[in-house]
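Numbering (the UniProt record's numbering), first residue to last: 1 to 136. A quick write-up on the structure given underneath.
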Amino acid sequence: MSTITRTLGNLRKIGLKEYWHQLQYIGDTKAGVLVGVDKFGNKFYENKDELPLRTRWVDYAKHDYDAGHIEPLWHAWISYAVDTPPNQDPLMATADARPWAPKGHIPNRTFTRGAYKPYNTTKPKIESWQPVAAPR
Numbered sequence: 001m002s003t004i005t006r007t008l009g010n011l012r013k014i015g016l017k018e019y020w021h022q023l024q025y026i027g028d029t030k031a032g033v034l035v036g037v038d039k040f041g042n043k044f045y046e047n048k049d050e051l052p053l054r055t056r057w058v059d060y061a062k063h064d065y066d067a068g069h070i071e072p073l074w075h076a077w078i079s080y081a082v083d084t085p086p087n088q089d090p091l092m093a094t095a096d097a098r099p100w101a102p103k104g105h106i107p108n109r110t111f112t113r114g115a116y117k118p119y120n121t122t123k124p125k126i127e128s129w130q131p132v133a134a135p136r
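Written as structure tokens, this is what we have:
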């Protein structure tokens with residue numbers, strides 16, 4: 001949570017409606033510049049006056065959000081792996097021509113029936129003991 005002066009300053013900058021929206025979904029209030037929007041409708045913001053590693057954030061389009069809802073290039077920007085956002089980087093302009101890029105969101109299926117389970121073909125080193133009883 002932030003200080004009361006920072007919170008009231010952000011309330012003045014972003015307005016009451018956006019202030020309430022951020023409290024519901026981010027848990028904190030932030031004021032920044034809209035950097036871009038990805039193809040899923042997520043909005044990416046940046047504010048250089050914030051504390052380090054709190055300068056970039058995302059406002060998800062869906063409220064059932066998951067980190068997988070972010071495109072890979074935007075994920076690299078928001079996690080500080082690259083400095084320029086994908087919409088301003090000329091090298092990333094060819095990202096639409098990549099056939100291996102996912103076309104939509106792939107949900108995380110951990111702990112569900114659709115989770116990945118590797119198939120093992122090696123013989124186990126330890127086998128359980130099977131008692132053998134001679135017939136009487």
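Just so it is clear, CB atoms sit at the ideal spot from N, CA and C, and this is done for glycine as well. Bear in mind the structure is a predicted one, so any value in this text is a computation, not a measurement.
Item, Value
"For Glu-46: DSSP bridge partner residues", "Val-33 and Arg-56"
"Alpha-carbon spacing of Pro-124 relative to His-69, whole angstroms", "39 Å"
"Assigned secondary structure, Thr-3 (DSSP; H/G/I helix, E/B strand, else coil)", "coil"
"Opening and closing residue of the alpha helix (DSSP H) in which Ile-78 lies", "72-78"
"Beta-carbon proximity of Arg-54 to Ile-78, cut-off 8 Å", "no"
"Local Cβ density within 10 Å of Ala-67, reported as buried at 16 or more and exposed below that", "exposed"
"Segment limits, alpha helix (DSSP H) that includes Glu-18", "16-25"
"8 Å Cβ cutoff met for residue 139 and Val-33", "Given that the chain is displayed from residue 1 to residue 136, the structure contains no residue 139 and the question cannot be resolved."
"Check whether Glu-71 and Lys-39 have beta carbons under 8 Å apart", "yes"
"Where Arg-109 falls: helix, strand or coil (DSSP)", "coil"
"Leu-51 in three-state terms, based on DSSP", "coil"
"Same chain, Cβ closer than 8 Å to Gly-9, five either side skipped, listed in chain order", "Ala-31"
"Rounded separation between Leu-16 and His-63 - CA only", "19 Å"
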